[in-house]
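Visitor:
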Amino acid sequence: MTNKPIPKEPENVSCDVCLTEIPESVAMSSEGDEYTQHFCGIACYDKWREKDGSSADAENDEEK
Ligand SMILES: [Zn+2]
Numbered sequence: 466m467t468n469k470p471i472p473k474e475p476e477n478v479s480c481d482v483c484l485t486e487i488p489e490s491v492a493m494s495s496e497g498d499e500y501t502q503h504f505c506g507i508a509c510y511d512k513w514r515e516k517d518g519s520s521a522d523a524e525n526d527e528e529k
């Protein structure tokens, strides 16, 4: 029997915002205090940051 080494599959991660699966190598990541979050792109990264409330004091009133 051949016992080939199994090629490591690229690890996929899920975008924290839209849940798209992406290879970790292309994901944007943000290392938080507890764990690393991944994003498929800058758009989702921005969304997450807004949702995170880090700019809560900025445009709170504009939300309808
Ligand atoms: Zn995304």
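Going from the sequence shown to my numbering is simple: count from 1 and add 465. Note that beta-carbon positions come from the ideal geometry of N, C-alpha and C, so glycine has one too.
Determine the DSSP secondary structure at E553, reduced to helix, strand or coil.
Guide: Residue 553 falls outside the range modelled here, since the chain spans only 466 to 529, and no answer is possible.
Visitor: If you measure from the CB of V478, is any heavy atom of ligand 2 nearer than 7 Å?
Guide: Here the bound small molecules are ligand 1; ligand 2 is not part of this structure.
Visitor: Taking 7 Å as the cut-off, does the CB of T485 come closer than this to any heavy atom belonging to ligand 1?
Guide: Here residue 485 corresponds to residue number 20 of the sequence shown, with the count starting at 1. Yes, ligand 1 has a heavy atom inside 7 Å of this Cβ.
Visitor: Between the alpha carbons of P470 and D511, how many angstroms are there, rounded?
Guide: Residue mapping note: residue 470 aligns to position 5 of the sequence shown, counting from 1. Residue mapping note: residue 511 aligns to position 46 of the sequence shown, counting from 1. Going by the C-alpha atoms only, they are around 40 Å apart.
Visitor: Kindly indicate the opening and closing residues of the beta strand (DSSP E) around E499.
Guide: Here residue 499 corresponds to residue number 34 of the sequence shown, with the count starting at 1. It is not in any beta strand (DSSP E) - E499 carries neither H nor E in the DSSP assignment.
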